[in-house]
Amino acid sequence: MNRMITLLLLVTAGLSVLSAAPSPSRAQSEGAINEFDPQRVPWKQLRYQSKSWAVTLTMAMTLEALPSEKAQAALVASDRGVPHKAVGPQTLRLRLDMEMDSLFKDPVQITNVVWFDPRDAAALGRYRLRRGEDDFEKNYRFTDQGVFRRNREPQSKEESRGEPDQWSFHRQTFYAHDLAQLGCAVASERLLLFYAASAAAELSAGQQRSLCVFGKRQLHRVQLKAQGRRRVQVDYLERRQQVQTQRQGETEALVIALEAEPLASSLDKPENFSFLAMHKNIEILIDPQTHLPLQVSGDIPKAGSGDLKLLEVELK
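The sequence shown begins at 373 in the working numbering and counts up one residue at a time.
If you want it as structure tokens, here you go:
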């Protein structure tokens, strides 16, 4: 039971969880366009939950399409570099909302939003907000020279009760990288590994896919490797329009392992790659028929191995 509490606390810490014309840097990656098929992604929302006697953790992930012009207007401006833009008329937005209720602490709410090009999973912008403990708001913009970040934090408990635009601590940082020199077609983002696992057709055929993924302060090369199939227990609610179906029992899932290595950066020490607070032996289990991410498994520091299981899905 103590291990479950530790796992849930570490997950929350790990998550702290465009116009039609391509920019010059994106023009170099035309060969990467259409690597992913958004039509393979069947879900609009995914919901996961873990419960113990002391802690309840709920996560909802929502995917929606926006006109690229509208998405572009929502992104923060960068003080350096040419911002990336979606190549086509649509931009996808992936949002993760998480809430943790604990007997020992105040509730914590975390929001993560990523705007990206659906055809190559290139990240355009990212937004992160944490309320309830260690409050912060971070806005990111992906450019041809690296990633711009604007950070806001409250400087007192009283200030933390206000809205983020009233917080008095401000900082701007730029994390430079050269995609061509690093051998990266585009810079993606960690949450988009959910999308890539569903949208990459070759993974179903047992092949692998490589993505350069921005973590907190640098890029990592992540290999998504299909490693056979495994029987897994499922128990989730499937919603499609007005029809609801409870899916229960054992099913065969495609196992996609994530292997990451940090790429060259200006950091004094490379950061550890994490995905939902998992650092090693990370796997996404995908239903090969529906392309739904049924489960995420991996090793969490000080807590051992852990599983996040699908609780509810809303289909397109």
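Beta carbons are placed, not taken as given, at the ideal position from N, Cα and C, and that holds for glycine.
Just to confirm before moving on: does the CB-CB distance between Tyr608 and Gln595 stay below 9 Å? In this structure, Gln595 does not lie closer than 9 Å to Tyr608 by Cβ.
Arg521 and Tyr512 closer than 9 Å at C-beta: Closer than 9 Å, so yes.
Label Pro665 either buried or exposed according to how many other C-beta atoms from any shown protein chain fall within 10 Å of its C-beta, with 16 as the threshold for buried. Classification of Pro665: buried, given that the 10 Å Cβ count is 16 or more.
List the whole-angstrom C-beta distance separating Asp469 from Ala432, where the pair is believed to meet the contact cut-off of C-beta under 8 Å. Rounded, the Cβ-Cβ distance is 5 Å, consistent with contact.
Three-state secondary structure assigned by DSSP to Gln580: In this structure, DSSP gives Gln580 an extended state, which the three-state scheme calls strand.
Could you tell me the distance, in whole angstroms, from the CA atom of Glu643 to the CA atom of Asp451? C-alpha of Glu643 to C-alpha of Asp451: approximately 24 Å in a straight line.
Taking the beta carbon of Leu447 as the centre, do at least 16 other beta carbons fall within 10 Å, making it buried, or is it exposed? With 16 or more other Cβ atoms within 10 Å, it is buried.
Tell me the rounded alpha-carbon separation between Ile482 and Arg611. Distance between the alpha carbons of Ile482 and Arg611 is about 25 Å.
Compare the Cα-Cα distances from Ala568 to each of Asp492, Ser532, Leu429 and Lys477 and report the closest residue. The option with the nearest alpha carbon to Ala568 is Asp492.
Who does Glu525 pair with in a DSSP beta bridge? The bridge partners DSSP lists for Glu525 are Phe541.
Looking at Leu435: is its Cβ nearer than 9 Å to the Cβ of Glu471? No, they are not a contact pair.
Measuring straight from C-alpha to C-alpha, what distance separates Arg465 and Pro490? Taking the Cα positions, Arg465 is about 9 Å away from Pro490.
Does the Cβ of Asp639 have 16 or more other Cβ atoms within 10 Å, making it buried, or fewer, making it exposed? Before going on, a small fix: residue 639 reads as Leu here, not Asp. It counts as exposed.
In the DSSP assignment, what are the bridge partners of Thr483? Thr483 is bridged to Asp469 and Leu501.
Assign Gln667 to one of two classes, buried (16 or more other C-beta atoms within 10 Å of its C-beta) or exposed (fewer than that). Label assigned to Gln667: buried.
By the three-class DSSP mapping on this structure, what secondary structure does Ala449 have? Annotated three-state conformation of Ala449 is coil, per DSSP.
Using a Cβ distance threshold of 8 Å, determine whether the segment 548 to 560 contacts the segment 523 to 539, with at least three qualifying pairs required. Touching, no, given that fewer than three Cβ pairs across the two stretches are closer than 8 Å.
Does the segment 628 to 636 touch the segment 588 to 602, meaning 3 or more C-beta pairs lie closer than 8 Å? Yes, the segment 588 to 602 touches the segment 628 to 636.
When burial is assigned at 16 or more other CB atoms within 10 Å of the CB, is Gln542 buried or exposed? Checking the sequence shown, residue 542 turns out to be His, not Gln. Within 10 angstroms of the beta-carbon of His542 lie fewer than 16 other beta-carbons, which makes it exposed.
Which residue marks the beginning of the beta strand (DSSP E) containing Leu630, and which one marks its end? Per DSSP, Leu630 is one residue of the beta strand (DSSP E) stretching across Val615 to Pro634.
Close Cβ partners of Asp679 (< 8 Å) along its chain, the five nearest in sequence each way excluded: Answer for Asp679: Gln667, Val668 and Ser669, listed in chain order.
Please go through the same chain and pick out, in chain order, the residues whose beta-carbon is closer than 6 Å to the beta-carbon of Ile654, but skip the five residues on each side of it. Closer than 6 Å at Cβ, skipping near neighbours: Leu630, Phe647 and Gly670.
Just grab the DSSP bridge partners of His592 for me. According to DSSP, which records beta bridges pairwise, His592 is partnered with Val585 and Pro634.
So, at 6 Å on beta carbons, what are the nonlocal neighbours of Arg419 in its own chain, with the 5 sequence-adjacent residues on each side left out? Excluding sequence positions up to five before and after Arg419, its CB lies within less than 6 Å of the CB of Ala432, Leu683 and Glu684, all in the same chain and listed in chain order.
Of the residues Leu496, Pro479, Lys477 and Pro660, the one placed nearest Leu564, counting alpha carbons only: For the residues Leu496, Pro479, Lys477 and Pro660, the minimum Cα distance to Leu564 belongs to Leu496.
Starting from Leu664, trace the beta strand (DSSP E) in both directions and tell me its first and last residue. Leu664 -> no beta strand (DSSP E), and no H or E assigned at all.
Return the Cβ separation of Asp516 and Gly600 in integer angstroms, given the expectation that the two are a contact with Cβ distance under 8 Å. Rounded to whole angstroms, the Cβ separation of Asp516 and Gly600 is 39 Å, and the two are not in contact under 8 Å.
Go to Phe476, then tell me how far its alpha helix (DSSP H) extends in each direction, as first and last residue. Bounds of any alpha helix (DSSP H) do not take in Phe476, whose DSSP letter is neither H nor E.
Based on the DSSP output, what are the partners of Ala443 in its beta bridges? DSSP output for Ala443 lists no bridge partner at all.
Span of the beta strand (DSSP E) around Phe508: Where Phe508 is concerned, the enclosing beta strand (DSSP E) stretches over Phe508 to Thr515.
What separation, rounded to the nearest whole angstrom, lies between the Cα atoms of Glu561 and Phe645? Between Glu561 and Phe645, the C-alpha separation is close to 12 Å.
Which residue wins for smallest C-alpha separation from Lys457, given the options His663, Ala559, Arg581 and Ala598? In this structure, Ala559 is the residue among His663, Ala559, Arg581 and Ala598 with its C-alpha nearest to the C-alpha of Lys457.
Verify whether the separation of the beta carbon atoms of Arg467 and Val486 is less than 9 Å. With contacts defined as CB atoms closer than 9 Å, Arg467 and Val486 qualify as a contacting pair.
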